[in-house]
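Trainee:
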C-alpha cells in the first residue's frame, strides 16, 4: 500500500516547514496561555476545572461566544492553510511528476496526503493540548478526563475535516492562486456567513411556499430547519458536540441558537432530542466532512491531466 | 514482447493537438531515442506513457499493461526521469530515495543508489539546495531504485555539465546492458548517436521517421554534399554535364553563386575535374559529411532548402544586384567574396542609380573583397596541391 509512502513523505516534508513550527508554537501559546490565564490567575482554587475553559459557552442571544468555538475557528484556518496547496503547489513546481512517476496511484496520493497533512495538524494541536495538560496538573485543576479526552479527539477530527476540505480545493483548483482564493472564500463562509445563510433559507422556503399557494411552513419546522442547517457547518458541529460532552445533548444543541430560535426549539429538546439533532447524527456529519471532500477531490484529481 | 506500444494515439489539449495519430513500437531491451524540436510532442508522448495525461484517442500499452487502466503496474517496473520536475525542497536527498524505495516497496540501501549517481556526499543535505544537475541526478537515482525493466528519460542531460552528461550516458548504457529497455527523448543528437539502437523523429506531433541512425542517414538525402566555389558564374550546359557524371545525385547553384553537388565520396574528384575541363575556375571546395544535425533538420524542417535555391537562381539569372534585393545579396557578397568579385563590380554599376547609401555599402563590401580574395585563392591552390 503505497499511500503509506506518500503519507510518510508528506509528514517528513511538512514537519520541516516553518508553517508547521509556527502553528505548533501558536497552539502551545494559545491553548497553554489560555489555560494558564484561566486556571492560574482568573479562577479560584475551587472552580479550577476543565469545563470552565474548554466547556465555556456564553450565549448572548444575537452573539454567542465559546472557547471551543474560538479554538475551532483557529484550527479550521490552520488546517486549511496546511492543505490547500498540497496538490496545486506540487503541480506548479513539478514535484508531482516525481510523486506520480513512482508507483503511487492517485488514490494513494489523496489518502497519503490526507493522512500525512492531518498528522501534521494533529501533532501541532496535541502539543498545545499537552501544554494545557501540564498546566492543569500544575495548578491542581480537576481534569474531568471523561469529557476532556473525547474533546481532544473531537478537535483532532475537526482538524482532519478541514485538512480534507483544503485538500479537495487543491485537487479541484487549476492553480495555486485559484486554490488560495477559494480557500479564503470558503473560510469566510464557514466562519461568518453560514449563520445568516441558514437563517435565511427557512424564510425563503416559507416565502416560496406562500407564493405558490401552499400554506406557510410552521414556525417550529422553520426553526428546526434553520438550526439543523447551522449544525451542518463543521465549526458548529464541533462546537455543539464539544458542549454535549459537558452539558448533555439538549443544552448543547442550543449553543448556536438565537433567543428567538431557542424559545421555540428548547421545549422540543427538553422532551426528547430528535434523531437528526442527536449527538451520533452530528458526529456522522463531522465524519462526512472528512470523507465527502476527500472523495470529491479524488474524483477531480483522478480525471485531471497534470 | 514490445516494451512500449502506441497505437493511433492522438492527444488534443484545449486548443492544440500535441500528438497526432502516433503509432510506435519499442521492443524489449532496446535503447530508443526520441528526437524532435521543442514543442514537437515528445514530453506529451512520455506523459501519455505514465498516465500523466490521457489520450484523446488511441491506446498506449507499456510493458504489456494498459497505460491508463494499469498505470501503477506500469510504474512499478518503470524508472522515470521526468522533464520539468522539481524536488521536494525540504527533504534530503536520502529522503527522496527512501520515498522511491517505499513507493516501489523494494528493499534497497538508499546510499548505494545515491553513490551510483554521485550524490553520496550530498545525501544528508536538503534537496532545495541542490543545483540543477544534482536534482537531475537525484531524480535518476529515484528512477533506478528497484532495477526497473523500463527507463523513461525525458531530456536526461538537461542541466548537466559535459562530465555529468557523460556519466548519465554511461549509466544508461549500463542499464541497457542489463537488459533494461531505455526510452529517452533528447534534442542533443550526439547523445542519441552514442547510445541509441533506434531513433524516432517527431515533428509537430507526428512521427516522421523511425530507424537506426545509419538507416536514417541512408534514407535521408542529407548525404555528402560538395560545395564548390567558382571564379565565374556557371552556365547551364556545364551544370548539365556535371549532373551527368557517375555518382552525382543532384547539382544546384548555391547562394554564393557556386555549386552544391550531392554525390558519392569517390565522385568528388570527377566533379571538380569536369568543372575545370569546362573552363570553370574552381577557387575552393569543401565537403560536408551529413552531420546528425543535418539529418535532424532535414526531418524536422522538411523542405528547408527550397527558399535558398530560389534565391540562388535569381542571383544566377540576373548576375547583378537588384536594388530591391540588396539585403539578401549583401549576405551573398560577403559570404563568398572570391567567387563573386567579378559580379560585385557589376553590381556597383547596377546600383549606381540607386540610393547613395546602398551604393556606398556595396562599395565597402567590394573593398573587403579585395583583401579576402588572395586568401581564398591560396586555399584553392592548396586544394589543388593536395589533389
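Chains as they are written, first to last, in the working numbering: chain Z, 1 to 306; chain A, 1001 to 1387. Quick reminder that beta carbons are idealized off the backbone N, C-alpha and C, glycines included.
Tell me whether residue 1183/A sits in a helix, a strand or coil according to DSSP, three-state version.
Mentor: For the purposes of this step, residue 1183/A is taken as residue 183 along the second chain, with counting starting at 1. Residue 1183/A falls in the strand class under three-state DSSP.
Trainee: What does the alpha-carbon distance come out to for the pair residue 245/Z and residue 1010/A?
Mentor: On the first chain, residue 245/Z is found 245 positions in, with the first residue counted as 1. On the second chain, residue 1010/A is found 10 positions in, with the first residue counted as 1. Residue 245/Z and residue 1010/A have their C-alpha atoms spaced approximately 59 Å apart.
Trainee: Taking the Cβ atom as the reference point for each residue, do residue 206/Z and residue 216/Z lie within a distance shorter than 9 Å?
Mentor: Along the first chain, read from residue 1 onward, the residue named residue 206/Z stands at position 206. Along the first chain, read from residue 1 onward, the residue named residue 216/Z stands at position 216. Yes.
Trainee: Any beta carbon from chain A within less than 9 Å of residue 104/Z's own beta carbon?
Mentor: As a working note, residue 104/Z is residue 104 in the first chain. Interface residue, yes.
Trainee: Using a C-beta to C-beta distance shorter than 9 Å, which residues of chain Z count as neighbours of residue 1175/A?
Mentor: If you number the second chain from 1, residue 1175/A lands on position 175. Under the 9 Å cutoff, chain Z gives no residues; its nearest Cβ is about 16 Å from residue 1175/A.
Trainee: Report the rounded CA-to-CA distance for residue 1076/A versus residue 131/Z, giving the unit in angstroms.
Mentor: Mapped onto the second chain, residue 1076/A falls at position 76. Mapped onto the first chain, residue 131/Z falls at position 131. Roughly 45 Å separates the two Cα atoms.
Trainee: Any chance the stretch 185 to 192 of chain Z sits against the stretch 107 to 121 of chain Z, with 3 or more Cβ pairs inside 8 Å?
Mentor: no
Trainee: Note down the Cα distance separating residue 1363/A from residue 1263/A, rounded to an integer number of angstroms.
Mentor: Reading the second chain from its first residue, position 363 is the one you call residue 1363/A. Reading the second chain from its first residue, position 263 is the one you call residue 1263/A. Caution applies to residue 1363/A, whose pLDDT of 40 falls short of 50 and renders its modelled position unreliable; the model cannot decide the point.
Trainee: For residue 253/Z versus residue 231/Z, is the C-beta distance shorter than 9 Å?
Mentor: Counted from its first residue, the first chain places residue 253/Z at position 253. Counted from its first residue, the first chain places residue 231/Z at position 231. Yes; because the gap between Cβ atoms is below 9 Å, this pair is in contact.
Trainee: Quick one: what does DSSP say residue 198/Z is sitting in, helix, strand or coil?
Mentor: Taking the first chain and counting its residues from 1, the one referred to as residue 198/Z is at position 198. Helix at residue 198/Z.
Trainee: Give the list of continuous beta strand (DSSP E) stretches no shorter than 3 residues that lie fully inside the stretch 1015 to 1094 of chain A.
Mentor: 1017 to 1027, 1031 to 1035, 1057 to 1062 and 1078 to 1081
Trainee: Out of 1184/A, 1217/A, 1116/A and 1123/A, which one is the CA nearest neighbour of residue 1164/A?
Mentor: On the second chain, residue 1164/A is found 164 positions in, with the first residue counted as 1. For residue 1164/A, the nearest C-alpha among the options comes from 1116/A.
Trainee: If you check the beta carbons only, do residue 1022/A and residue 1205/A fall under 9 Å apart?
Mentor: To locate residue 1022/A, count along the second chain from 1; it is residue 22. To locate residue 1205/A, count along the second chain from 1; it is residue 205. Cβ distance < 9 Å, so residue 1022/A and residue 1205/A count as in contact.
Trainee: Inspect the beta-carbon positions of residue 1093/A and residue 1123/A and report whether they are closer than 9 Å.
Mentor: By 1-based counting over the second chain, the position of residue 1093/A is 93. By 1-based counting over the second chain, the position of residue 1123/A is 123. The answer is yes: Cβ separation under 9 Å.
Trainee: Ignore the nearest five residues each way along the sequence and tell me which others in residue 1001/A's own chain have a CB closer than 7 Å to its CB.
Mentor: Looking up residue 1001/A in the second chain gives position 1. Here the set comprises 1028 and 1064.
Trainee: Would you say residue 1186/A reaches chain D, if we count a Cβ-Cβ gap shorter than 9 Å as a contact?
Mentor: Protein chains in the displayed structure are Z and A, and chain D is not among them.
Trainee: Could you tell me which residues DSSP puts in a beta bridge with residue 1009/A?
Mentor: Translated into positions along the second chain, residue 1009/A becomes position 9. DSSP output for residue 1009/A lists 1022/A as bridge partner(s).
Trainee: Between which two residues does the beta strand (DSSP E) carrying residue 1200/A extend?
Mentor: Residue mapping note: residue 1200/A aligns to position 200 of the second chain, counting from 1. From DSSP, the beta strand (DSSP E) with residue 1200/A extends over 1198 to 1203.
Trainee: Can you pull the chain Z residues whose beta carbon is under 7 Å from the beta carbon of residue 1103/A, in chain order?
Mentor: For the purposes of this step, residue 1103/A is identified with residue 103 of the second chain, where counting begins at 1. Residues of chain Z passing the Cβ test: 2, 5, 102, 103 and 104.
Trainee: So, with DSSP's three-state summary, where would you put residue 1213/A?
Mentor: For the purposes of this step, residue 1213/A is identified with residue 213 of the second chain, where counting begins at 1. Residue state, collapsed to three classes: helix.
Trainee: Can you give me, in chain order, the residues of the stretch 1089 to 1103 of chain A that have a beta carbon less than 7 Å from any beta carbon in chain Z?
Mentor: Cβ proximity to chain Z below 7 Å picks out 1090, 1091, 1095, 1099, 1100, 1102 and 1103 from the stretch 1089 to 1103 of chain A.
Trainee: Can you check the stretch 117 to 194 of chain Z for any alpha helix (DSSP H) of at least 4 residues that lies completely inside it and give the ranges in chain order?
Mentor: Listed in chain order, they are 145 to 172 and 176 to 188.
Trainee: Closest to residue 60/Z by C-alpha separation, out of 255/Z, 304/Z, 280/Z and 49/Z, would be which residue?
Mentor: In the first chain, counting from the first residue as 1, residue 60/Z sits at position 60. The option with the nearest alpha carbon to residue 60/Z is 255/Z.
Trainee: State the start and end residues of the unbroken beta strand (DSSP E) segment that holds residue 85/Z.
Mentor: As a working note, residue 85/Z is residue 85 in the first chain. Run containing residue 85/Z: none; DSSP gives neither H nor E here.
Trainee: Determine, for residue 113/Z, whether the minimum Cβ-Cβ distance to residues of chain A falls below 9 Å.
Mentor: Position 113 of the first chain, counted from the first residue, corresponds to residue 113/Z. It does not; no Cβ of chain A falls within 9 Å.
Trainee: Listed in chain order, which residues of the stretch 1046 to 1060 of chain A have Cβ atoms closer than 9 Å to some Cβ of chain Z?
Mentor: 1047, 1050, 1051, 1052, 1053 and 1054
Trainee: The alpha helix (DSSP H) with residue 1164/A in it runs from where to where?
Mentor: As a first step, residue 1164/A is located in the second chain; it is residue number 164 there, counting from the start. Where residue 1164/A is concerned, the enclosing alpha helix (DSSP H) stretches over 1162 to 1177.
Trainee: Starting from the beta carbon of residue 8/Z, find every residue of chain A whose beta carbon is closer than 7 Å, and list them in chain order.
Mentor: Walking along the first chain from the start, residue 8/Z turns up at place 8. Here the neighbours are 1102.
Trainee: Cβ closer than 7 Å: which chain A residues qualify as neighbours of residue 93/Z?
Mentor: Translated into the one-based positions of the first chain, residue 93/Z becomes position 93. Those are 1086, listed as they occur along chain A.
Trainee: Spell out the partners DSSP gives residue 64/Z in its beta bridges.
Mentor: Walking along the first chain from the start, residue 64/Z turns up at place 64. For residue 64/Z, which the question treats as bridged, DSSP gives the partners 59/Z.
Trainee: Evaluate contact between the stretch 1052 to 1062 of chain A and the stretch 65 to 75 of chain Z, counting only Cβ atoms and requiring at least three cross-stretch pairs below 8 Å.
Mentor: no
Trainee: Hey, would you say residue 1171/A sits closer than 9 Å to residue 1035/A, going by beta carbons?
Mentor: Along the second chain, read from residue 1 onward, the residue named residue 1171/A stands at position 171. Along the second chain, read from residue 1 onward, the residue named residue 1035/A stands at position 35. Their beta carbons are not under 9 Å apart, which means residue 1171/A does not touch residue 1035/A by this criterion.
Trainee: Is the CB of residue 1013/A under 9 Å away from at least one CB in chain Z?
Mentor: Position 13 of the second chain, counted from the start, is the residue given in the question as residue 1013/A. Answer yes: the Cβ-Cβ gap between residue 1013/A and chain Z drops below 9 Å somewhere.
Trainee: Please list the partners that residue 1072/A has in chain Z, where partner means a Cβ-to-Cβ separation under 7 Å.
Mentor: Counting from one through the second chain, the residue named residue 1072/A turns up at place 72. Those within 7 Å of residue 1072/A in chain Z are 103 and 105.
Trainee: Closer than 8 Å is the cut-off here; do at least three beta carbon pairs connect the stretch 73 to 88 of chain Z with the stretch 1084 to 1104 of chain A?
Mentor: no
Trainee: Between the Cα of residue 139/Z and the Cα atoms of 119/Z, 43/Z and 199/Z, which residue gives the shortest distance?
Mentor: Taking the first chain and counting its residues from 1, the one referred to as residue 139/Z is at position 139. It is 43/Z.
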